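Taking it in order: structure first as structure tokens, then the write-up.
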Amino acid sequence: MTTTAVTHIASLVTNDPSLGNGTPLGLIQDAAVVIDGDRIVWTGESSKAPATDNVLDVAGRAVIPGFVDSHSHLVFAGDRTQEFNARMSGQPYRAGGIRTTVAATRAASDEELSANVARYLAEALRQGTTTFETKSGYGLTVEDEARALRIASRHTDEVTYLGAHIVSPDYADDPAGYVDLVTGPMLEACAPHARWIDVFCEQGAFDGDQARAILTAGRAKGLHPRIHANQLTYGPGVQLAVELDAASADHCTHLTDADVDALGQGDTVATLLPGAEFSTRATWPDARRLLDAGATVALSTDCNPGSSFTSSVPFCIALAVRDMGMTPDEAIWSATAGGAAALRRTDIGRITPGARADLVLLDAPSHVHLAYRPGVPLVSAVWRSGQRVA
172 MTTTAVTHIA
182 SLVTNDPSLG
192 NGTPLGLIQD
202 AAVVIDGDRI
212 VWTGESSKAP
222 ATDNVLDVAG
232 RAVIPGFVDS
242 HSHLVFAGDR
252 TQEFNARMSG
262 QPYRAGGIRT
272 TVAATRAASD
282 EELSANVARY
292 LAEALRQGTT
302 TFETKSGYGL
312 TVEDEARALR
322 IASRHTDEVT
332 YLGAHIVSPD
342 YADDPAGYVD
352 LVTGPMLEAC
362 APHARWIDVF
372 CEQGAFDGDQ
382 ARAILTAGRA
392 KGLHPRIHAN
402 QLTYGPGVQL
412 AVELDAASAD
422 HCTHLTDADV
432 DALGQGDTVA
442 TLLPGAEFST
452 RATWPDARRL
462 LDAGATVALS
472 TDCNPGSSFT
482 SSVPFCIALA
492 VRDMGMTPDE
502 AIWSATAGGA
512 AALRRTDIGR
522 ITPGARADLV
532 LLDAPSHVHL
542 AYRPGVPLVS
552 AVWRSGQRVA
């Protein structure tokens, strides 16, 4: 292995408060980072950088950790352009549109589905995403859910079983029978290929009792819970997430004071997905309310063909700052360290000794430009596990 120093970084986001200016971002000015193999071994002021085999002078640009996208739905076929067009013409968003993608996904080959995942991951990587989670949920049969997870696991270790996305059209008249399938034969087939289990706890999908049964069954099989919670209406999802020690409650759009207090006092991360609100013209989540209550907040894309067809974390950062009450510092933390917390990882989302060497070089002097210059492709280089990949 050879060592490489990235030097003359105008502003380095470490996400380590013990470094730099002592804020949660741990900002270091005129900084350097030393990479050895796939790990970061040193961070500090550029003038104090140790000798290395190679030196890359970035001439006063900013470096941030690779984005951690902890919520996406990438194993699918087709798109829902007509649905989006109708929604932008005044029709409301409903959970049932998922059925359109289920039909297309079932009809696609393994090769087509894998190629789609690779395509969207490459797209995300060019925009700075170095870690991502993705789910099943567009098969809704034992065979199709298991193959979705097998395909996803070729591309990431962060794989989530979401057989409980909606009640399968095949069980439209027997929701209880579908829950039995999700917690029985489907779980048996899917558990070996996943780390997480998720459920869409929402009107038109699964109620609180069904969600509890599904997540509890998954946990008994060694899968850790996550939950789609409180996206379209007030509901039991957030409280259930905290009760079951779910890693994250995702969406968190409609929250009572009790929901906010629970997230502020528990270990469950509130993952906010502004791309969904943008794409559905829905109410924005109130990030300020969550942050002020002490909740850990993550920002992710929710990349999927129906409600949030974006792979761009920078876009979501800009939306969070403009419309959800976050500061630029809070948004960049939530898109990096916050996403890592939602995956219960400590080796990513930060630039500190021992962390995986995932870095993003911005064509700007500060991370603030991600919100300040929305829509501008500011990511100029990406390293993942110490290798320059974009």
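Just so we're aligned, residue 172 is where the sequence shown starts under the working numbering, counting upward by one.
Note that the Cβ used here is the ideal one computed from N, Cα and C, for glycine as well.
All of these numbers come straight from a predicted model, not from anything done at the bench.
I want to check one thing, is the minimum distance from the CB of residue i to the heavy atoms of the ligand GDP below 6 Å?
i: Gly509; result: You won't find the ligand GDP in this model; it holds no ligand whatsoever.
With the cut-off set at 7 Å, would you say residue i and residue j are in Cβ contact?
i: His179; j: Asp224; result: no
i: Val273; j: Tyr309; result: yes
i: Pro456; j: Leu541; result: no
i: Arg493; j: Ala508; result: no
i: Ala464; j: Ala441; result: no
i: Asp315; j: Arg277; result: yes
i: Gly496; j: Ala458; result: yes
i: Glu329; j: Leu514; result: yes
i: Val288; j: His326; result: yes
i: Ala400; j: Ala420; result: yes
i: Ala203; j: Ala222; result: no
i: Ile398; j: Val431; result: no
i: Pro346; j: Gly379; result: no
i: Leu532; j: Ala552; result: yes
i: Ile199; j: Gly193; result: no
i: Val226; j: Leu284; result: no
i: Ser339; j: Leu358; result: no
With DSSP as the reference, label residue i as helix, strand or coil.
i: Glu448; result: helix
i: Ala289; result: helix
i: Pro346; result: helix
i: Arg251; result: coil
i: Asp240; result: strand
i: Arg258; result: helix
i: Ala528; result: coil
i: Gly215; result: strand
i: Val550; result: strand
i: Val560; result: coil
i: Pro396; result: strand
i: Thr178; result: strand
i: Thr387; result: helix
i: Ile235; result: strand
i: Thr272; result: helix
i: Thr507; result: helix
i: Arg516; result: coil
i: Ala279; result: coil
i: Leu284; result: helix
i: Ala203; result: strand
i: Asp228; result: strand
How big is the Cα-Cα spacing for residue i and residue j?
i: Gly231; j: Ala561; result: 19 Å
i: Arg321; j: Asn475; result: 18 Å
i: Pro580; j: Ala362; result: Nothing about residue 580 can be reported from this structure: the residues present for the chain run from 172 to 561 only.
i: His244; j: Ile206; result: 32 Å
i: Ile488; j: Leu470; result: 7 Å
i: Thr439; j: Ala418; result: 5 Å
i: Glu501; j: Asp344; result: 45 Å
i: Pro524; j: Gly215; result: 10 Å
i: Asp341; j: Ala248; result: 19 Å
i: Thr301; j: Ala360; result: 29 Å
i: Leu333; j: Met172; result: 40 Å
i: Gln262; j: Thr252; result: 14 Å
i: Met299; j: His425; result: Before going on, a small fix: residue 299 reads as Gly here, not Met. Approximately 30 Å between the Cα atoms of the pair.
i: Cys423; j: Phe449; result: 15 Å
i: Asn186; j: Leu403; result: 32 Å
i: Gly393; j: Thr517; result: 20 Å
i: Thr451; j: Ala391; result: 35 Å
i: Thr387; j: Thr175; result: 46 Å
i: Arg318; j: Ser189; result: 44 Å
i: Ala512; j: Arg270; result: 31 Å
i: Cys372; j: Ile337; result: 9 Å
In chain order, what residues of the same chain have a beta carbon less than 7 Å from the beta carbon of residue i, not counting five sequence neighbours either side?
i: Gln381; result: Val350
i: Ala528; result: Ile206, Asp209, Arg210, Ile211, Trp554, Ser556 and Gly557
i: Ala384; result: Val350 and Thr354
i: Thr427; result: Tyr405
i: Ala295; result: Asp240, Phe303 and Ser482
i: Ala433; result: Val409, Gln410 and Val413
i: Glu282; result: none
i: Leu462; result: Val468 and Glu501
Residues in the same chain with beta-carbon distance under 6 Å from residue i, minus the five sequence neighbours each way, listed in chain order, please.
i: Ser280; result: none
i: Pro499; result: Val492, Val539 and Ala542
i: Asp473; result: His242, Leu444, Gly446, Ala447 and Ser479
i: Leu415; result: Leu386 and Pro396
Cutting at 8 Å between CB atoms, please list the residues of its own chain near residue i, excluding the five before and the five after it.
i: Ile503; result: Val184, Leu196, Ile235, Ile488, His538 and Leu541
i: Ser217; result: Thr178, His179, Ile180, Asp201, Ala202 and Ala203
i: Ala233; result: Ile180, Ala181, Ser182, Leu183, Val184, Leu532, Leu533, Ala535, Pro536, Ser537, His538 and His540
i: Arg544; result: Ala535
Examine chain C for any beta-carbon lying closer than 7 Å to the beta-carbon of residue i, and answer yes or no.
i: Gly215; result: Annotation note: the requested chain C is absent from the structure, which comprises a single protein chain.
Self-check item: beta strand (DSSP E) segments (min. 3 residues) lying fully within the segment 408-496
Solution: Restricted to the segment 408-496, the beta strand (DSSP E) segments that are unbroken, complete and at least 3 residues in length are 419-422, 440-443 and 468-470, listed in chain order.
Quiz item: Which runs of the beta strand (DSSP E), 3 residues or longer, sit entirely within the segment 311-385?
Solution: Entirely contained in the segment 311-385, the beta strand (DSSP E) runs reaching 3 residues are, in chain order, 329-335 and 367-372.
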